[in-house]
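Student: What follows is a structure written as structure tokens; I'll ask about it next.
Residue numbers (the numbering used here): 68 to 354.
As structure tokens, this is what we get:
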């Protein structure tokens, strides 16, 4: 990438234009975040330094980051982290990038377990650990289990648990959903953000998703619903009576997902919508 800017302001403008020409979403924000990383600044520091000249070594640090973004690589993978529920999480191509919509799972858990009443939970398909680590942070007496079939993803989850000082209260298990280990007395809560993208939907995903995020964490099968009954059966066996299951789902999967939880024996089954009005979480209580 041929950037020959003299100041922070100029390199930001040229980087934004370069990304916009290549159809990159949010080119200004991407440019700001990546230039800030290259210059080892935060965004506020970047804004305050707009007229500062850049030395050649700094330009050399900026160019490869902007070039990677121009090829479609997600900003979160280039930065190596993403914010979720007010916490910064390490992410790698072995993990999905946490999405704001997934925060609804945490919101609902806080509503179901007010005053820190959660003591035992499991996260099925933990990925980066954003759900498990956030729950452990918000519920300081809770013990949790993070399960994922990807050892590489679990290693990232472990790093995030250490980063947020909750590793002593989380166990990590490399296994599929059906192999969820039991706990004495049963779990109070099981959460899951399983693969739920259908094959047809995957074909319509952006190249950032298709070319860079792990396929196994996105597509469970033709319909996108294949993981839900597996999670529901595992949770039904492992929850204590009165315990809750919260599962993230696709934007039009609510009725089918609710039926699958009902067939697995759950009571009080409901579908929660996100801020955009889309189906996002299906929940049920073990009788």
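Beta carbons: idealized from backbone N, C-alpha and C, even for Gly.
Tell me which residues share the same chain as residue 352 and place their Cβ nearer than 6 Å to its Cβ, disregarding the 5 neighbours each side in the sequence.
Tutor: 311, 334, 335
Student: Return the Cβ separation of residue 324 and residue 292 in integer angstroms, given the expectation that the two are a contact with Cβ distance under 8 Å.
Tutor: 7 Å
Student: With C-beta atoms as the reference, is residue 260 less than 9 Å away from residue 163?
Tutor: yes
Student: Pair every Cβ in the stretch 276-290 with every Cβ in the stretch 206-214, then say whether three or more of these pairs are closer than 8 Å.
Tutor: no
Student: Inspect the CB distances between the stretch 143-159 and the stretch 190-198 and report whether three or more fall short of 8 Å.
Tutor: yes
Student: Quick check on the DSSP output: what are the complete beta strand (DSSP E) runs of length 3 or more inside the stretch 135-207, in order along the chain?
Tutor: 148-151, 154-157, 187-191
Student: For residue 315, write down the residues that DSSP places opposite it in a beta bridge.
Tutor: 348
Student: With burial defined as no fewer than 16 other Cβ atoms inside 10 Å of the residue's Cβ, what is the status of residue 271: buried or exposed?
Tutor: exposed
Student: Alpha carbon to alpha carbon, how far is residue 240 from residue 223? Give it in angstroms, no decimals.
Tutor: 13 Å
Student: Taking residue 278 as the reference, which of 228, 139, 102 has the closest Cα?
Tutor: Per the C-alpha coordinates, the member of 228, 139, 102 positioned closest to residue 278 is 139.
Student: Pairs of beta-carbons, one from the stretch 131-147 and one from the stretch 94-106, closer than 8 Å: are there three or more?
Tutor: yes
Student: Rounded to whole angstroms, what is the Cα-Cα separation between residue 229 and residue 208?
Tutor: 16 Å
Student: Tell whether a beta-carbon distance below 9 Å holds between residue 348 and residue 171.
Tutor: yes
Student: To which residues does DSSP link residue 340 through a beta bridge?
Tutor: 346
Student: Report all residues from its chain with a CB closer than 7 Å to the CB of residue 345; omit the five preceding and five following residues, and keep chain order.
Tutor: 318
Student: Short of 8 Å in beta carbon distance, which residues of its chain neighbour residue 86, apart from the five on each side in sequence? Order them along the chain.
Tutor: 94, 97, 98, 133, 136, 137
Student: Which of the three DSSP states is assigned to residue 66 in this structure?
Tutor: Lying before the first or after the last residue shown, residue 66 is absent from the chain, which here runs from 68 to 354.
Student: State yes or no: is the C-beta of residue 210 within less than 9 Å of the C-beta of residue 179?
Tutor: no
Student: Within the same chain, show all residues whose beta-carbon is closer than 6 Å to that of residue 244, passing over the 5 residues directly before and after it, in chain order.
Tutor: 191, 297, 298, 301
Student: Residue 257 and residue 306 look like a contact to me (Cβ under 8 Å); what is the Cβ gap, rounded to whole Å?
Tutor: 6 Å
Student: Can you check which of these residues, 273, 264, 274, is closest to residue 288 by C-alpha distance?
Tutor: Residue 288 has its Cα closest to that of 264, out of 273, 264, 274.
Student: Whose CA, out of 354, 141, 268, lies closest to the CA of residue 309?
Tutor: 354
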